[in-house]
Amino acid sequence: MKRGILILVSVCALFVVGYFTASKWAIRHETLTFYDPARDNRPVAVDVAVRRDKEMQANAGMIKLPVAILNHGNTVKFTEYSFLANAFAARGYLVVSIQHDLPTDPPMVTKVGELYVGRQPQYERGIANVKFAIDKLKPIEANADYDHLTMVGHSNGGDISMYFAKLYPDQVKKIVTLDNLRVPFMTDGKFKILSFRSKDPVFKADPGVVPDDDVCEKSGITVVNTGFQHNDLSDRGPDDVKTSIQGMLDKFLNDNDNSQLAPVQTKTPDVLTDAPGPVAAYKPVPN
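Below you can see the structure in the form of structure tokens.
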């Protein structure tokens with residue numbers, strides 16, 4: 412009797428250890444830095460997040476990974492959106508979070524009256540980073556679908572995502588933005604759009620950025636008006652904000668993923684290790 416209980420306890424212990432080990436290590440994060448010779452060897456750092464089992468299947472040629480490109484907000488680092496990266500990776504996406512800004516870049520300046528209040532150079536630089544990062548990742552993660560991207564971004568990164576879709580609509584499958592403020596939404600219905608909007612007295616979208624309800628319904632655009640603050644829409648925000656966004660994002664992906672990818676539970680920490688090398692830390696100042 413005692414021997415049977417001992418065996419049962421041992422099996423249960425192994426199961427628990429196995430469960431937490433599998434959940435903790437289900438998603439692999441790796442930081443890579445590439446250097447663009449066309450732009451004076453500009454460093455472009457990326458955090459790659461992917462489910463280990465899906466990556467193994469892709470490497471074996473069994474599947475092709477959908478790709479999500481994650482674009483950070485102004486003054487927020489590319490590693491500060493792990494709650495989004497993990498949500499997409501858990502569903503089987505290859506998630507590529509890109510550092511767009513460097514300490515040596517000129518500061519972002521708002522110029523009222525100019526197109527996108529003078530932010531177009533930052534969008535063009537971000538798109539160059541996206542295109543370059545994809546080209547460098549293709550031989551590393553060869554079995555991934557880089558032709559039908561899901562573009563994701565917070566604030567300025569959301570504007571980069573929307574601007575990319577304007578320039579390369581045939582390369583985009585879905586867009587997810589968190590409080591982008593400058594670039595108007597695409598309304599031609601070519602791809603699904605999900606946008607989380609803050610309730611923030613400081614950060615307001617420019618006129619014409621967010622379509623009215625009738626246009627959204629016709630164009631396949633889902634607008635979620637939250638009570639969250641603009642600067643809480645990253646890893647810096649409260650846990651309840653991140654959990655709420657993950658839940659709504661999961662429903663959106665459930666409704667729109669043709670592959671019917673199922674999420675896996677993970678225990679990956681919300682805060683990732685800072686990238687080594689040329690990308691310096693940013694001061695936590697407003698977007």
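The letter at position 233 of the sequence shown is residue 644 when you use this note's numbering, and the numbering goes up by one with no holes. Here a beta-carbon is modelled for each residue, glycine too, at the ideal position from N, C-alpha and C.
- For residue 599, same chain residues with a beta-carbon under 8 Å away, outside a window of 5 residues either side, are 580, 630 in chain order.
- With a beta-carbon spacing of about 47 Å, residue 524 and residue 465 fall beyond the 8 Å limit used to define contacts.
- Residue 565 is bridged by DSSP to 589.
- For residue 439, the uninterrupted beta strand (DSSP E) run begins and ends at 438-447, by DSSP.
- Here residue 508 carries a strand assignment [DSSP, helix/strand/coil].
- Contact annotation: the segment 488-505 touches the segment 450-470, with at least three C-beta pairs closer than 8 Å.
- Around the beta-carbon of residue 448, fewer than 16 other beta-carbon atoms lie within 10 Å, marking it exposed.
- Here residue 636 is exposed: its Cβ has fewer than 16 other Cβ atoms, across all protein chains shown, within 10 Å.
- By alpha-carbon distance to residue 550, the top candidate from 668, 632, 470 is 470.
- Here residue 494 is not near residue 651, since their CB atoms are 8 Å or more apart.
- Secondary structure note for residue 458: it is in no alpha helix (DSSP H), and the uninterrupted beta strand (DSSP E) holding it is 453-462.
- With 16 or more neighbouring CB atoms inside 10 Å of its own CB, residue 643 falls in the buried class.
- Of 516, 530, 546, 616, the smallest CA-CA separation from residue 451 is found for 516.
- In the displayed model, residue 580 falls within a helix according to three-state DSSP.
- Under the three-state reduction of DSSP output, residue 654 falls in the helix class.
- Distance from residue 589 to residue 565 at the Cβ level is roughly 4 Å; contact confirmed, criterion being Cβ atoms closer than 8 Å.
- When the beta-carbon positions are compared, residue 594 and residue 620 come within less than 8 Å of each other.
- If you look at residue 605, you'll find it in the beta strand (DSSP E) that goes 603-608.
- Taking the CA atoms as reference points, residue 653 sits about 22 Å from residue 603.
- Looking from the CA of residue 482, the closest CA among 540, 658, 578, 554 belongs to 540.
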